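Comments concern the structure below.
Number of protein chains: 4
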Amino acid sequence: MNLMTTPKPATSAKVTTAAMMKALVYQGPGKKALEDRPKPEITAPTDAIVKITKTTICGTDLHILKGDVPTCQPGRILGHEGVGIVEKVGAAVTAFKAGDHVLISCVSACGKCEYCRKQMYSHCTTGGWILGNKIDGTQAEFVRIPYADTSLYPIPEGADEEALVMLSDILPTGFECGVLNGKVAPGSTVAIVGAGPIGLAALLTAQFYSPGEIIIIDLDDNRLEVAKRFGATATINSTDGKAWETVMKMTGKRGVDTAIEAVGIAVTFELCQKIIAAGGAIANIGVHGKKVDLHLEELWDRNISITTRLVDTVTIPMLFKTVSSKKIDPKLLITHHFKLDKVLDAYETFGNAAKTKALKVIIEA
Amino acid sequence: MNLMTTPKPATSAKVTTAAMMKALVYQGPGKKALEDRPKPEITAPTDAIVKITKTTICGTDLHILKGDVPTCQPGRILGHEGVGIVEKVGAAVTAFKAGDHVLISCVSACGKCEYCRKQMYSHCTTGGWILGNKIDGTQAEFVRIPYADTSLYPIPEGADEEALVMLSDILPTGFECGVLNGKVAPGSTVAIVGAGPIGLAALLTAQFYSPGEIIIIDLDDNRLEVAKRFGATATINSTDGKAWETVMKMTGKRGVDTAIEAVGIAVTFELCQKIIAAGGAIANIGVHGKKVDLHLEELWDRNISITTRLVDTVTIPMLFKTVSSKKIDPKLLITHHFKLDKVLDAYETFGNAAKTKALKVIIEA
Amino acid sequence: MNLMTTPKPATSAKVTTAAMMKALVYQGPGKKALEDRPKPEITAPTDAIVKITKTTICGTDLHILKGDVPTCQPGRILGHEGVGIVEKVGAAVTAFKAGDHVLISCVSACGKCEYCRKQMYSHCTTGGWILGNKIDGTQAEFVRIPYADTSLYPIPEGADEEALVMLSDILPTGFECGVLNGKVAPGSTVAIVGAGPIGLAALLTAQFYSPGEIIIIDLDDNRLEVAKRFGATATINSTDGKAWETVMKMTGKRGVDTAIEAVGIAVTFELCQKIIAAGGAIANIGVHGKKVDLHLEELWDRNISITTRLVDTVTIPMLFKTVSSKKIDPKLLITHHFKLDKVLDAYETFGNAAKTKALKVIIEA
Amino acid sequence: MNLMTTPKPATSAKVTTAAMMKALVYQGPGKKALEDRPKPEITAPTDAIVKITKTTICGTDLHILKGDVPTCQPGRILGHEGVGIVEKVGAAVTAFKAGDHVLISCVSACGKCEYCRKQMYSHCTTGGWILGNKIDGTQAEFVRIPYADTSLYPIPEGADEEALVMLSDILPTGFECGVLNGKVAPGSTVAIVGAGPIGLAALLTAQFYSPGEIIIIDLDDNRLEVAKRFGATATINSTDGKAWETVMKMTGKRGVDTAIEAVGIAVTFELCQKIIAAGGAIANIGVHGKKVDLHLEELWDRNISITTRLVDTVTIPMLFKTVSSKKIDPKLLITHHFKLDKVLDAYETFGNAAKTKALKVIIEA
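Note that the protein sequences, when read in sequence, are chains A, B, C and D. FYI, in the numbering used here the residues of the first sequence are 1 to 365. FYI, in the numbering used here the residues of the second sequence are 366 to 730. FYI, in the numbering used here the residues of the third sequence are 731 to 1095. FYI, in the numbering used here the residues of the fourth sequence are 1096 to 1460.
Below is the structure:
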């Protein structure tokens, strides 16, 4: 999850006599701390206040900490994923009430604007990805959720809430941007370039459509091993720069029907162009900071599509059903657990994934 | 129409006592001539010999003459468009017989291979764009058509055959690569970059779907004027390099739902990227000789698609019906007429379109 | 527009000192009157009160008056179409403010429920078709619109508001239930059975997709003449019971690609089954009161689809654009004008369409 | 597989000195025999002669034997499924040669006609379902396959040929007519009415799309038990006539997203209408001999689709890939094995499925 638009200064927390809570606060490039902050309040009739029970860290949070996300200013509470219990709701909220267990979408959707009505919640004119970015987020004891009726999802009794944290962002991202845009189909051949959490989320959700082959490409043997466990039919360590040749050999020189880019750099996007079959689909998930080369001199006559997408989380209800019917086990993605007061350790672990083998870390608030 | 693969030498015409015919022959970069050549013969049971009545010249023929198309070797009879009368058919041809009036598709389709059965005739494993490229073409008195049953289309009695020449290549190209890939829809906003014959073909066929706005962008005022006559709701002369700003102003900063690239160079493809709305479709028609910049750092989160396609001519039957029901008038594209023995003049006129204002020129054989 | 569910008694208007207004009130089967009724008030924060400027009568209103719609109880103000000016809005309404000119959808959509989020507004769990049915409607000086943000549409300055009344119900109904479900395509052959206002709305909107033939079938020569003026390529008076033979003759025994049922009785639905081509689509718009025969013994192997739909009005934004770009002229449907105090005359005229040749009648409030 | 058109008399076998073979011949209603018949010969350049290695019996063969299929006349060799080895090919066959192992599609497709080019092979104007119906079929030592290039599929070395017999008809039928037409989707709720071989084929292939629930309804507890083993999440014995209530209870009164009719009688089609959710799809597979009631008075406003389809076998290449990648195990459907000289026993076993628990029986030629 990422978004780059004109930055607005984060309003500094007003010091009141309000109840206080713990929160992980971005303090400027390279700096973060667990601070005491006032509990959030309802500010619009469509808001809800949610007591966080479990949250997690996203790769985007690391980008913010590097100073790469100008919309997110110092003073901001981070986090855009999580599950919790509704504490109170604004006057116009009708779908939820205090005590309801809820899943938080990483995208806030007003439900009314042109984009929301086309299910492009990511482009909601007053919402989109704002949580833990333009407004305070979920790595805290409490969070204010705008447009609660259309940005929260009810958790049925008995559900495994920890698993559902994966539905806030990572699974819909892999599914919508990678699998749906990539038109994965029964018996088809899929390559996923990048075996980080997001590539693995694409791997897990691609299997909803029973592709014949899923080839995972990465530089890290450990991640490739994980990919195998998660259902990859083949893995390629691309360190030697020959992934292209290997894929073409595996596919009888045809290439793959779907190539999912899950890294966000030029070299991996270029690899997707080289391995795509005539008639195939390149689905970009990666967050790109620079332009890339598009080899139209090779591709203009190949009947391909290239797609981009910021996750809309419009598939959360569908994903809910796949979890409850055990078509997918989101907990495969969870490797570590921390309490909120150890959230700095959680960042440490998540930030050193190569060493810690962390995928997603759960933080219990 | 273009195709770049490994070149094969064109078989030189065997000198026999066979009947001779006139044909426009590519003689190497920069050289062409009207030659006497032997009439073609049936070489496979799926072949038909067609007596050409009307043909035309494509921009691709000019590319061949510049030496840009390595698959097309000196000695080749050019041309991949036209209508005519079946002279004789091979033993396995069942859909046509001598005397039938037919339209020739620029793409030869075996009808059997994996690609043909997915309607990707352009990628037919033994056909595709071979006419006037890897085998002798239609700018002659006779032509051999391989896979006649699936590469010719019957012309009903009373049809305007000259109009139908536009269905061999240019109209399906504008329609399939531009309009269908671009998902033009009722009320939507379309920009077409390039008002040459192919851009104009996209303009004409886009109107099948009743878009609200069709903005045409070109450097040539004459072509823009033609575009207006053909149904453009707005035109922009992009000589000043400000087409982007103009489009954004016209669309209330939203951009266009569909951007059709009908030139084939980096700057026009880049313009498409700048004017595409969130959720929009960039449909490339242009034949690109070089890589282009893709600004994924701007587009990764915009929910867009980019498509490429070599025309499959799979929509010829649909286009036939739109012509016979007068939903489109293909003759708008025809500006000049020549007899076959004046084909060099026809090339002269077509090659100097800026001066002659030529769009498509009809050559009567 | 129609809906049949368990009836709830309409709450009788409370007599208060509130400002009064004129309204057309259903008084039980066969009875209606122009009454003085209290002006509606905001009852939920998502409501708006709209001062009606123009409204109209729907065939469904006649059904209510016959006593055919049990959900609509005596005492109800009728009407579910219209344009007007926002008088005031509830606290949670953000998209509209007093003074805004608005189009009223016949379907109220909460924008939050499972169905609304799939764009099936007709099945909104707390909305759907309730206006002039379960709650008071638009044939009055003022109306309360629930879920205003997602049930009203802004009218741009300078628009022809009378034309837009046709976008409340009739045009989206013909378009969504008939044209979109019927998959009308360039060059295709369409039959519309029934040339009443709804069939004519399908006829007008079908032309967005440039079908080659549109055959209209009805019992009334006057309506068929209107259909010709509206773009039908052929008309058939089916009084002689031979419409089937005529269609098959016109289509070379193939039948039609799309058959749109716009009457709602067994005989017309049966005709659609007889004229549908292999691979075709039967799109039902008609409101049926009884079961019909489905000839699966003829159709099981014909690769056809049959669809039903209650209008969702999800295409109102698209239709707005087609009106503003003059791809359609909704005013063709308007035949008569009345002032609100002559609304009983308007019903008289609309109810005797065979004699008065009325299509849609505008009532100015 | 079934087809009902005007019957043509089957040409009686010419007595020649030709090599003879064993074949199962339909001898008129109620009568069949294993006869000596002349080996078939190439009669068109697009033909192939295939030596059958394995074939099977279809429910349609039983219909023929009852005299229900007027297109199939006495003297006909039955059977439209099977695998074998190409013996010889006509002059125009290019994709196959003697010795190739092939799968036979139950549908013969010319690859050239309007329908074939739309992938509606079932409606091929000179093919379709003719094997074992209008021309001699596969329950013999040899069979002539018309349009071999587009009606046979190559079997890769090492494949399990017995499993592939299920791809001739039954799996594509369940998949195309039931699963694809029914729009089965991840997490969705599916009901399949009828747990015979065809319903089970739908059950197996529905799982390609990871639906959340698959409810199977039948009268036979044994078949329901098989369905459970094949992946049904719930089964209902509908003997008590209360299947409707049970499904509505299971689905929280919503009904199912997809209802697949796999029996072919009025009562099961009616059940599908009662259990379909708003917005759902009823996919008919059953061969119906009589008209059915369609409750449009209940369904007209439910936004549903009803589809019919004769299998096109256009998904055979996709199914091949799902078999080779082990996404499906077609052999689950095979319960019994016979040699060709015991084909009458095979019919006996298959015809008494309730007692023998037969699903598909393999006949080795």
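C-beta atoms are modelled at their ideal positions from N, C-alpha and C, and glycine is treated no differently. Since the structure is predicted, the reported quantities are computational estimates derived from the model, not experimental observations.
Residue-level contact to chain C via CB, residue i, 9 Å cutoff
i	result
D/K1452	no
A/T6	Caution applies to A/T6, whose pLDDT of 41 falls short of 50 and renders its modelled position unreliable; the value that the coordinates give is listed next. No, its Cβ sits nowhere closer than 9 Å to a Cβ of chain C.
A/A48	no
A/I362	no
D/Y1442	no
D/R1132	no
A/P317	yes
A/A354	no
D/H1383	yes
CB contact check: residue i to chain A, cutoff 9 Å
i	result
D/K1323	no
B/L524	For the sequence presented, residue 524 of chain B should be read as Ala rather than Leu. Chain A, which has no Cβ nearer than 9 Å to the Cβ of B/A524, makes this no.
C/I860	no
D/T1328	yes
Residue range of the unbroken alpha helix (DSSP H) whose run includes residue i
i	result
B/D426	424-431
C/Y1048	A quick correction: the sequence has Met, not Tyr, at residue 1048 of chain C. Start and end: 1046-1054.
B/S670	Taken as a continuous stretch (DSSP letters only), B/S670 belongs to no alpha helix (DSSP H), being part of the beta strand (DSSP E) at 670-672.
A/L24	Looking at the DSSP string, A/L24 is not in any alpha helix (DSSP H); the run it does join, the beta strand (DSSP E), is 20-26.
Within-9 Å CB hit, residue i to chain B
i	result
D/D1244	yes
A/W300	yes
D/V1202	no
A/G264	yes
Residues that residue i contacts on chain B, provided the C-beta gap is smaller than 7 Å
i	result
C/E943	S690
C/P916	F573, M683, T687, K692
Rounded Cβ spacing between residue i and residue j (contact assumed at less than 8 Å)
i	j	result
C/K1090	C/T1052	Between C/T1052 and C/K1090 the Cβ distance is about 18 Å, and since that is not below 8 Å, they are no contact.
D/L1428	D/P1292	6 Å
C/H831	C/I900	Not confirmed; about 20 Å, so no contact.
B/A597	B/I580	7 Å
Partners in chain B for residue i, counting only beta-carbon separations shorter than 8 Å
i	result
D/T1187	Residue identity differs from the one stated: residue 1187 of chain D is Ala in this sequence, not Thr. Residues of chain B passing the Cβ test: P410, T411, A456, A457.
First and last residue of the uninterrupted beta strand (DSSP E) at residue i
i	result
B/G716	No beta strand (DSSP E) contains B/G716, which is instead part of the alpha helix (DSSP H) from 708-716.
B/A571	Run containing B/A571: none in the beta strand (DSSP E); it sits in the alpha helix (DSSP H), 562-571.
B/M615	Unbroken run through B/M615 is the alpha helix (DSSP H), 608-615; no beta strand (DSSP E).
A/A48	48-56
A/A185	Neither: A/A185 is in no beta strand (DSSP E) and is coded neither H nor E.
C/D1059	From DSSP, C/D1059 is part of no beta strand (DSSP E); its letter is neither H nor E.
C/R767	762-768
Chain D within 9 Å of residue i, Cβ atoms only
i	result
C/F1050	no
A/T239	no
C/K1021	yes
C/V848	According to the sequence provided, residue 848 of chain C is Lys. The question's Val does not apply to it. Answer yes: the Cβ-Cβ gap between C/K848 and chain D drops below 9 Å somewhere.
Under 7 Å from the C-beta of residue i: neighbouring residues of chain A
i	result
C/A825	K112
Under 8 Å by beta carbon: chain A residues contacting residue i
i	result
B/G644	Y115, K118, M120, H123
Decide if the stretch 497-508 of chain B is in contact with the stretch 406-425 of chain B; the criterion is three or more beta carbon pairs, one per stretch, under 8 Å apart. Touching, yes, given that three or more Cβ pairs across the two stretches are closer than 8 Å.
Is there contact here, the stretch 1075-1086 of chain C with the stretch 911-921 of chain C, by at least three beta-carbon pairs under 8 Å? Taking 8 Å as the limit for Cβ pairs, the verdict is that the stretch 911-921 of chain C does not touch the stretch 1075-1086 of chain C.
Below 8 Å, how does it come out for the stretch 272-288 of chain A and the stretch 256-264 of chain A: are there three or more Cβ pairs, yes or no? At 8 Å Cβ cutoff, the stretches touch.
Does the stretch 872-882 of chain C touch the stretch 892-899 of chain C, meaning 3 or more C-beta pairs lie closer than 8 Å? The stretch 892-899 of chain C is not in contact with the stretch 872-882 of chain C.
Would you call the stretch 814-826 of chain C and the stretch 750-768 of chain C in contact, with 3 or more CB pairs under 8 Å? These segments do not touch.
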